[in-house]
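Residue numbers (the numbering used here): 15 to 367. Beta carbons: idealized from backbone N, C-alpha and C, even for Gly. Bear in mind the structure is a predicted one, so any value in this text is a computation, not a measurement. Quick notes on the structure that follows.
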Amino acid sequence: MESANEKMGNSLSSELSNTHSTLITYDSCAHHTDSGWEFPVSGHLLGKKISRMRERFLNRLLLRFAQVDLTDQDSPEFALVQRRIQPFIRKAKKKVSVGVRLGGSYHKIASPTRRGGRFKTTVNLSSKAVSAFLEYDTHSQPYLPIRGVADLEHTVTIPSRCYLVDPVGISVVTDIDDTIKDSQVLDRRQLLRNSFAKPYEPVKGMKEVFEAWQQKAVKFHYVSASPWQIYNELHPFLDHTGFPGGSFHLRQFTLKGQVIRKLIRRRYQKKRTQIESLLQRFPRRQFVLIGDSGEHDPDIYGSLARQYGEQVRKIWIRSLAGNPLDLTRSLEAFRDVPKTTWRIFHEAAELSL
Numbered sequence: 015m016e017s018a019n020e021k022m023g024n025s026l027s028s029e030l031s032n033t034h035s036t037l038i039t040y041d042s043c044a045h046h047t048d049s050g051w052e053f054p055v056s057g058h059l060l061g062k063k064i065s066r067m068r069e070r071f072l073n074r075l076l077l078r079f080a081q082v083d084l085t086d087q088d089s090p091e092f093a094l095v096q097r098r099i100q101p102f103i104r105k106a107k108k109k110v111s112v113g114v115r116l117g118g119s120y121h122k123i124a125s126p127t128r129r130g131g132r133f134k135t136t137v138n139l140s141s142k143a144v145s146a147f148l149e150y151d152t153h154s155q156p157y158l159p160i161r162g163v164a165d166l167e168h169t170v171t172i173p174s175r176c177y178l179v180d181p182v183g184i185s186v187v188t189d190i191d192d193t194i195k196d197s198q199v200l201d202r203r204q205l206l207r208n209s210f211a212k213p214y215e216p217v218k219g220m221k222e223v224f225e226a227w228q229q230k231a232v233k234f235h236y237v238s239a240s241p242w243q244i245y246n247e248l249h250p251f252l253d254h255t256g257f258p259g260g261s262f263h264l265r266q267f268t269l270k271g272q273v274i275r276k277l278i279r280r281r282y283q284k285k286r287t288q289i290e291s292l293l294q295r296f297p298r299r300q301f302v303l304i305g306d307s308g309e310h311d312p313d314i315y316g317s318l319a320r321q322y323g324e325q326v327r328k329i330w331i332r333s334l335a336g337n338p339l340d341l342t343r344s345l346e347a348f349r350d351v352p353k354t355t356w357r358i359f360h361e362a363a364e365l366s367l
């Protein structure tokens with residue numbers, strides 16, 4: 015039987031596959047300013063599918079690397095690959111004027127869509143305007159809805175939320191793969207299989223810990239080296255699994271040459287930049303950084319702790335059997351970081367703020 019998050023992901027992917035154009039915006043977070051609130055907005059505008067020949071090539075490539083039987087087109091795994099591949103096989107619509115509806119008004123984005131159909135802007139609203147259109151999610155977190163607008167026929171828009179984050183408080187910056195979602199990043203073939211051909215599975219206990227923290231007014235920021243094209247699968251998975259809403263920060267990816275190699279390559283400098291941007295936007299907030307020992311999280315978090323020591327409240331690294339954080343590696347990653355700041359954990363129940 016199809017789960018709730020699978021149904022929602024299926025609905026979003028159906029919109030992607032059945033329309034001429036799709037305008038997607040991503041969940042983000044607003045910060046307070048002297049005159050009110052500043053809302054960052056970003057998204058992508060996608061057009062029709064790529065050529066049928068390229069679509070078949072990419073499809074067969076993913077099926078083979080994900081170890082899915084190409085002859086059994088009625089299997090659940092085959093169907094999942096067809097669904098999750100949709101954002102990757104759509105042409106980006108560049109040089110198109112777009113805007114967003116936010117806070118009861120329309121805001122035109124100054125620059126047209128760029129490479130990959132990407133667009134981004136910031137919108138400033140007064141506190142009065144924000145209060146008039148404020149909504150709350152199922153965890154009672156305040157946000158403003160965002161809906162993109164493009165001057166194109168037959169365009170479906172996938173809206174998002176921009177969560178209000180106060181100047182003072184605790185924020186959790188969490189990795190996704192192998193931290194809150196079981197992905198097996200260290201095994202590249204298994205990573206592709208889990209990303210495209212298997213139902214997503216949460217890391218045991220993480221949802222319950224995050225829910226408890228959210229009751230203490232903690233805010234969440236989901237940061238990953240995964241490509242933005244999996245947002246329409248990740249978002250409903252986290253939502254219906256019960257993880258608190260929050261901002262999403264994924265990496266840019268374009269479908270050109272060496273597809274599989276580029277797809278599984280993890281670009282970590284961008285991840286550091288995204289987290290650093292949050293630290294700079296919220297200089298008075300305390301941050302808890304959560305990741306895993308699989309690849310570069312310890313190095314990224316250690317580097318940030320050395321530079322933003324007063325803001326980094328705690329670092330938690332989930333130890334993975336395939337690449338545990340041994341003494342030598344931990345001492346290098348967290349050199350000059352107080353031992354009381356960072357911890358290794360194996361079970362979600364060990365976590366604390």
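The C-alpha of Lys-107 lies about 13 angstroms from the C-alpha of Glu-167. Within the segment 199-279, complete beta strand (DSSP E) segments of at least 3 residues are found at 233-241, 261-265, given in chain order. Annotation for His-263: Val-237, Gln-288 place their beta carbon closer than 6 angstroms to its own, counting only its chain and skipping 5 residues before and after. Between Gly-50 and Ser-141, the C-beta spacing is below 8 angstroms.
Cβ-Cβ separation between Ala-44 and Leu-178: approximately 5 angstroms, consistent with a contact (criterion under 8 angstroms).
In the DSSP assignment, Val-137 falls within the unbroken beta strand (DSSP E) covering 132-139. Pro-213 and Val-187 have their C-alpha atoms spaced approximately 24 angstroms apart.
Between Thr-171 and Gly-162, the beta carbon gap of about 5 angstroms places them in contact (Cβ cut-off 8 angstroms). Per DSSP, reduced to three states, the secondary structure at Val-187 is strand.
Between Thr-355 and Ile-329, the C-beta spacing is below 8 angstroms. Tyr-40 and Ser-261 have their C-alpha atoms some 8 angstroms from each other. Under the criterion of beta carbons closer than 8 angstroms, Asp-201 and Leu-334 do not qualify as touching, at roughly 11 angstroms. Scanning Leu-59, Val-55, Asp-48 for the CA closest to the CA of Ser-35 turns up Leu-59. Nearest to Tyr-245 by C-alpha distance, out of Gly-57, Lys-218, Pro-90, is Gly-57. Glu-52: member of the beta strand (DSSP E) spanning 50-63, first to last residue. Distance from the CA atom of Arg-104 to the CA atom of Phe-224, rounded to whole angstroms, is 34 angstroms. Taking C-beta separations shorter than 8 angstroms and ignoring five residues to either side along the sequence, the partners of Lys-230 in its chain run Ile-184, Leu-367, following chain order. The shortest C-alpha to C-alpha distance from Phe-359 to any of Leu-339, Asp-350, Pro-258, Glu-346 is the one to Leu-339.
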